[in-house]
Each structure stands twice: as structure tokens, then as C-alpha cells.
């Protein structure tokens, strides 16, 4: 009799294969892949390999006089995690088995929240691995978690060190707002009023606001938070079904839909912005007054301007024409928000079985999140440093503009998106259904809440 392969069995097979591949990677590393054993100190620690870090280390090894960069490959061994495996969260497979490898991991902010609360990451401040007061407070908070359920100590603990500050923000045409003597909007009401004033006069400008049409949820979260809602509370409990949160979600989504066809593209025009880079190209070409995008896009816009590829009327000719601000909030709400996109270095708690590992982990973080490293990243990649002392020495004016006009604003709060892939995938479907006009926001959200309530755990 032929065996029926159900979706559940297929998923188990895939996860088993992934777990096997990850274990093979770990075993290969243990067997000495990378620098030969006789060239490395006997207790060199392992870390997750990423190309930008490696490139900056290479440049610093050439320029710097510090032995920490010149001897980097002798002291630390990189483990390359294939990008194709990242959607399956291979770190879960490693950490959940209490693997000691890798000793140091580069993790996205939501992963830091998830693995930190699980007790898989080492406390960094209390153990004197890193002093959180060296970090910009807003980003330090985003990489801290409550461990009261494990340690009994109140308050949040720093469990990862971000190398830079990245989040989604509002881009606007500073030259055009200045022409009409208008300030950047703090609320959605102000943004709509600006568009009603400017768009009829600027004939080459097709839109007032563009947001991403793929992974729209990343742009939507700060809007939703700015309406006073949240998906999970501080204890990690799923609270979206609560009246206040569900109401905020619907209100924020309706605010976007109300702008379709006049300020934002209508449902029929959304697909043209699916290809990667579409938003920054449209902004560069002068097609939109406002855009929500990652803070690092100012560097990309500067590069496009330097290349001078567009001859369209209204195209950007100078980066001085670009302004940045926090994403607007609902009128009366005290805070504006950014969905943090930074990565941070965390220490695998299960690797900390020897004081030497702790000391080497401290040295590693000091190298890859240090002042020299962050200053070079600011100058070459347009990244905003997370270290206060590095920020004080930055000379890149675009980096300083992003920091001072967005992340340093008193009402700006940085939050990671929910760490549950299940929640994010379901809510992304809500965005598609509502923005393409296939369901009302109320109906789409009701379906999503019903789906998510079926789950025993939202991981």
C-alpha cells in the first residue's frame, strides 16, 4: 500500500534534514574547518560568520595598528550559516540542544527577544561582558529582555550588543516642504494635509506616500504602534484580540486604505512596487513626497544621486533635498515608533562553561562592536553607531542627520517586531487582503485572530 505523505510528515522531514545539515556544519567546524588547528590558540571561540563584518575586519586589519584586527582569524573561527537556512531558524536547532557552538551569534532584534526570554543567551551587563550605558539608551532597551522568570531579578537584562542603529523611518522631500513653508508631519492628519497642499502644485509627483508592497507588515508595525496598539504585551502574551489593540489595528489599516488612490497607490497600482529597490527608485525620481523605508536608504539615495542616472523632471540632484523624520503617529498619541532592524552580538549561554570563554567572548564583542569598527561602518556603509562615544566622533553628515532627526527624537521609541514567525505570516496576509480590497480590515483581522487562537504556542 502506497504511503500517504501528509503536510505534517513533509514538514517533519524537512526539519529533520535542516537539523542534520546544521549539525554537520557544527561538526565540520569542530573538526577544524577554517584555519588549521596549529595556527589558532587552543581556546579560540566560534562565531556566526557574516560578510559585512568580515569586510570591515579586513579593512581594519589593513589600516589599524590594533593587533585585535590583525590577529582576528587566529583568535576567532567563523561558522558560515547558509542564507537558505535562515528562514528555518537554525539557531533554534543548535541552542535548543544546548550546543556550545557557536559561542557568539549575530542575531536579529526579534530573535534576541525570543532566545533571550528562553534563557539561551548570556547576561552581558551583570557579568561585566558589556556595559549597557555605553549604548544609545533606545537601542540598548531593544536588545534587553526580562529574565525574572529564570533569575528572579527584576528589570531587563542586556543580552546582545547591537553594532549599529537601524529602523524604518519617514523620508520626505525637504526642499519641497521648505518651498511651501511646511514642517515634517508628526501625525497622519498633518501628512494628509501636506499632501493636499503640495500634490496639486507638483505636477511631476504621482504620489504623496509610498510604503513597501512586499513585507508590508514591517512598515505597518510602527503605524499600528502609533495608534496605541500592540500584538504582544511586555510579558510576551498575545494581546491583539483585546478590544483596544484590535481597534488600533483596524484604525491604522483604515487610515492607509483611506489614502489609496489619492495619496497612496490604489490596489491596482501596488504590484509595480513589488521589485526590490522600487521605493527608493521612485523617491529618487521624484515620484513621491514621502516614503517609509529603512534608515540605511539615505546612503542608497546618496549613491543614486552620485551616479546621476535619472534625467526625469523632479529627480533628486542633491542629498540635501532629502529629509528624514520618525513615522507619524495618530493625533494625541505621545510616541512615534520605529521597527528596529539592527542585529546584535549575543553570547551562547551553553558555551559559557569556562572563564576563558567569557573573557574571549568579551574580547570578541569589543572588537566587532567597538569604536573603530562602528566608525568605519558609519563612513563606508552609512550605518548609525550604537555606541555613544562613536556617535560623538562621526563626521558623516548623512549618518548624523538620520540619528539626530529620527532616533534621537524624544518621542521616538524603537521596538522589535513580534518574534513569532506564525504571527507575522498571518498578519502579513491580513495586510494583503485589506490593501488589495479583497476583505475589509475588520473581516481580515477577525480571520487572523481566529487562526492564531488555534495555536497552542505562537512560535
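In the working numbering, the protein residues as written are 65 to 523.
Where a beta carbon is used, it is the ideal one built from N, C-alpha and C, also for glycine.
Roughly how many angstroms separate the alpha carbons of residue i and residue j, rounded to a whole number?
i	j	result
residue 320	residue 353	16 Å
residue 332	residue 315	22 Å
residue 337	residue 122	36 Å
residue 97	residue 110	Confidence at residue 97 is low in this model, with a pLDDT of 42, below 50, so the placement of that residue should be treated as unreliable; the coordinate-derived value is given next. For residue 97 and residue 110, the distance between alpha carbons rounds to 11 Å.
residue 174	residue 346	30 Å
residue 177	residue 455	25 Å
residue 494	residue 274	19 Å
residue 157	residue 501	39 Å
residue 413	residue 166	10 Å
residue 601	residue 186	Residue numbering for the chain in the displayed model covers 65 to 523; residue 601 lies beyond these limits and cannot be assessed.
residue 489	residue 432	32 Å
residue 214	residue 518	28 Å
residue 11	residue 439	The displayed coordinates of the chain run from 65 to 523. Any statement about residue 11 would go beyond what the structure contains.
residue 118	residue 150	19 Å
residue 250	residue 181	34 Å
residue 135	residue 125	8 Å
residue 208	residue 262	42 Å
residue 254	residue 485	34 Å
residue 196	residue 344	34 Å
residue 102	residue 191	Reliability of the predicted coordinates at residue 102 is poor, the pLDDT of 42 falling under 50, and the value obtained from them is presented with this limitation in mind. One C-alpha to the other measures close to 31 Å.
residue 179	residue 258	43 Å
residue 317	residue 339	23 Å
residue 279	residue 210	28 Å
residue 524	residue 183	No answer is possible for residue 524: the residues shown for the chain start at 65 and end at 523.
residue 428	residue 212	27 Å
residue 232	residue 458	21 Å
residue 421	residue 496	47 Å
residue 334	residue 491	18 Å
residue 435	residue 453	7 Å
residue 474	residue 390	11 Å
Can you tell me where the beta strand (DSSP E) holding residue i begins and where it ends?
i	result
residue 210	208-210
residue 387	386-389
residue 409	407-411
Per DSSP, which one or two residues make a beta bridge with residue i?
i	result
residue 228	449
residue 356	234
residue 111	142, 168
residue 302	296
residue 199	451
Return helix, strand or coil for residue i, following the three-state DSSP convention.
i	result
residue 400	strand
residue 139	helix
residue 223	coil
residue 252	helix
residue 476	strand
residue 328	strand
residue 367	helix
residue 272	strand
residue 172	strand
residue 458	coil
residue 296	strand
residue 165	coil
residue 194	coil
residue 470	helix
residue 393	strand
residue 376	coil
residue 464	helix
residue 188	coil
residue 333	helix
residue 436	helix
residue 266	coil
residue 277	coil
residue 178	helix
residue 91	Annotation note: pLDDT 46 at residue 91 (below 50); position unreliable, no value reported.
residue 204	helix
In the DSSP assignment, the alpha helix (DSSP H) including residue i goes from what residue to what residue?
i	result
residue 488	485-499
residue 244	Premise fails: residue 244 is in no alpha helix (DSSP H) and is neither H nor E.
residue 120	115-127
residue 289	280-289
residue 154	154-159
residue 308	307-323
residue 421	419-432
residue 342	342-348
residue 505	505-517
residue 132	131-134
- prompt: Between the region 376-385 and the region 260-280, do at least 3 Cβ pairs fall closer than 8 Å?
  reply: At 8 Å Cβ cutoff, the stretches touch.
message: Across the region 471-483 and the region 189-204, are there enough close Cβ pairs to call them in contact, namely three or more that are closer than 8 Å?
response: Flag = yes, the region 471-483 and the region 189-204 touch.
- prompt: Looking at C-beta atoms only, is the number of pairs between the region 361-370 and the region 383-398 that lie closer than 8 Å three or more?
  reply: Three or more Cβ pairs drawn from the region 361-370 and the region 383-398 lie within less than 8 Å of each other, which places the two stretches in contact.
query: Does the pairing of the region 440-447 with the region 455-464 give three or more beta-carbon distances under 8 Å?
result: In this structure the region 440-447 touches the region 455-464; the number of beta carbon pairs closer than 8 Å is three or more.
message: Within 8 Å, do at least three Cβ pairs link the region 140-148 to the region 388-407?
response: No: fewer than three Cβ pairs fall under 8 Å.
- request: For the region 213-229 and the region 402-418, state whether three or more C-beta atom pairs, one from each stretch, are separated by less than 8 Å.
  value: Yes, the region 213-229 is in contact with the region 402-418.
- request: Specify whether the region 303-315 and the region 276-293 touch according to this definition: at least 3 beta carbon pairs, one from each stretch, less than 8 Å apart.
  value: Three or more beta-carbon pairs separated by less than 8 Å link the region 303-315 to the region 276-293, which places the two stretches in contact.
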